[in-house]
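Asks:
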Amino acid sequence: MNMTHYMALLADNQPWNLIIYMVIPVALAEALVATEFFTVFLRERAGAWRIWNKRIGIGLGFYFLGIFLNLMFAVVPTIEWRGAADIIAVGFYLSGVVPLFSIALLELGIIGKGKTDNEKMKLHFILLTVFLVVAHIAMVFGMVDPAIMGWDPNAAGAPHQMHSH
Numbered sequence: 015m016n017m018t019h020y021m022a023l024l025a026d027n028q029p030w031n032l033i034i035y036m037v038i039p040v041a042l043a044e045a046l047v048a049t050e051f052f053t054v055f056l057r058e059r060a061g062a063w064r065i066w067n068k069r070i071g072i073g074l075g076f077y078f079l080g081i082f083l084n085l086m087f088a089v090v091p092t093i094e095w096r097g098a099a100d101i102i103a104v105g106f107y108l109s110g111v112v113p114l115f116s117i118a119l120l121e122l123g124i125i126g127k128g129k130t131d132n133e134k135m136k137l138h139f140i141l142l143t144v145f146l147v148v149a150h151i152a153m154v155f156g157m158v159d160p161a162i163m164g165w166d167p168n169a170a171g172a173p174h175q176m177h178s179h
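Its first residue numbered 15, the sequence shown is counted upward by one per residue in our numbering.
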């Protein structure tokens with residue numbers, strides 16, 4: 015089967031790329047979602063849940079910024095695109111940096127300074143939701159055979175693997 019660069023990245027250098035680019039960010043995002051639920055539900059009584067939510071949000075935001083920078087400078091310039099599914103998968107994966115790094119900046123007080131606690135909580139929730147949507151779009155299109163969406167695997171230069179070290 016033909017693979018998008020998204021899937022090729024995860025398949026290369028096993029198990030390290032899978033851990034670095036999928037397991038760690040997904041585990042942290044799921045932990046952020048869990049702590050977000052408790053923080054929103056418990057509000058003023060959230061205590062430790064809020065502290066963990068803040069720490070995970072900052073850590074995940076900076077971790078994903080590192081992934082974004084690594085891929086943008088070391089990998090993306092070498093890609094020979096495999097059609098629309100490939101572009102959508104990689105583009106949406108990389109776009110996850112916007113909501114995640116925004117959460118880190120919100121938690122550090124760099125953005126949202128003039129907002130109330132409720133407004134910050136709402137923005138945090140919205141940013142997390144945006145990340146979940148773009149990440150799932152990336153996953154779905156990343157698993158598609160790029161030939162289904164118009165890529166010709168017999169074209170010049172095909173197939174080209176996406177590698178990261």
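Positions of the beta carbon are idealized from the N, C-alpha and C atoms, including for glycine. Given the structure is predicted, the values throughout are model-derived calculations rather than measurements.
Going by DSSP in three states, A60 sits in which element: helix, strand or coil?
Replies: It is coil, neither helix nor strand.
Asks: Return the CA-CA distance between L19 and I81, expressed in angstroms with no decimal places.
Replies: It is worth fixing the name first, because residue 19 is His in this sequence and not Leu. Going from the Cα of H19 to the Cα of I81 covers about 15 Å.
Asks: Would you tell me roughly how many angstroms separate the C-alpha atoms of N16 and G75, rounded to the nearest one?
Replies: Taking the straight line joining both Cα atoms gives about 32 Å.
Asks: Please go through the stretch 97-135 and give each complete alpha helix (DSSP H) segment of 4 or more residues, from N-terminal end onward.
Replies: The stretch 97-135 contains these whole alpha helix (DSSP H) runs: 98-109 and 111-121.
Asks: Specify the secondary structure class of L157 as computed by DSSP and reduced to three states.
Replies: The sequence shown places Met at residue 157, not Leu. Here M157 sits in coil by DSSP.
Asks: Pick helix, strand or coil for M176, following the three-state DSSP scheme.
Replies: With a pLDDT of 47 at M176, under the threshold of 50, the modelled position of that residue is not reliable, and the figure given next carries that caveat. Looking at M176 - three-state DSSP - the assignment turns out to be coil, as it is neither helix nor strand.
Asks: Whole-angstrom Cβ separation of K68 and E121, contact assumed at under 8 Å?
Replies: So it is a contact: roughly 5 Å between Cβ atoms.
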